[in-house]
Amino acid sequence: MGQKKGGRGRGHKQFVVSAEDLEKRNERHEASARARDKRRGEDDEDADSEEGSVEEVDESERRLQMDALRDTLVEKERKAKGPSVIETANPNAVKKHVKLKDMVRLLSTLAQTRRLFSGRGAGAV
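Quick note: to get this note's numbering, add 328 to the position in the sequence shown (first position is 1).
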């Protein structure tokens with residue numbers, strides 16, 4: 329059918345068939361869990377040192393600071409807006425089709441008017 333498109337492929341689950349396979353799988357999982365805990369432990373130590381330098385603020389002090397901040401912000405006055413859309417003709421509008429019988433009628437009237445004006449002479453228009 330062709331190759332699937334999309335993200336990375338993931339490994340299939342490995343089913344345990346025997347007790348030996350179960351022990352090997354458990355050892356692999358424990359080793360990866362220890363490595364993960366070790367990595368996370370190093371990250372936690374860095375985060376703890378950063379958190380110690382930040383002052384702890386009471387909830388009431390935090391509310392006072394937020395209220396003071398809100399008071400300093402000034403809302404801008406909004407301008408009254410007029411109509412936002414300018415009316416224009418649609419350049420993609422479908423033009424009305426002229427039927428053949430209407431075109432014949434138009435041509436006959438044009439021919440009649442030419443005959444009328446051609447009979448008056450060259451100077452009359």
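Cβ coordinates follow ideal geometry from the N, Cα and C atoms, glycine included.
Since residue i contacts residue j with CB under 8 Å, what's their CB separation in whole angstroms?
i      : j      : result
Val345 : Arg353 : The pair is not a contact, with the Cβ atoms about 11 Å apart (cut-off 8 Å).
Run through DSSP, which three-state label would residue i get?
i      : result
Val344 : coil
Ala408 : coil
Val426 : coil
Glu417 : Per the sequence shown, residue 417 should be read as Ala rather than Glu. Of the three classes helix, strand and coil, the one that applies to Ala417 here is coil, per DSSP.
Leu435 : helix
Leu401 : coil
Asp386 : coil
In whole angstroms, what is the alpha-carbon distance linking residue i and residue j?
i      : j      : result
Gln440 : Met431 : 14 Å
Leu428 : Pro411 : 43 Å
Glu370 : Arg356 : 22 Å
Arg390 : Leu401 : 17 Å
Arg362 : Ala347 : 23 Å
Gln393 : Ala408 : 34 Å
Phe445 : Lys423 : 32 Å
Leu438 : Asn420 : 30 Å
Arg398 : Asp386 : 19 Å
Val296 : Arg368 : The requested residue 296 does not occur in the structure, where the chain is confined to residues 329 to 453.
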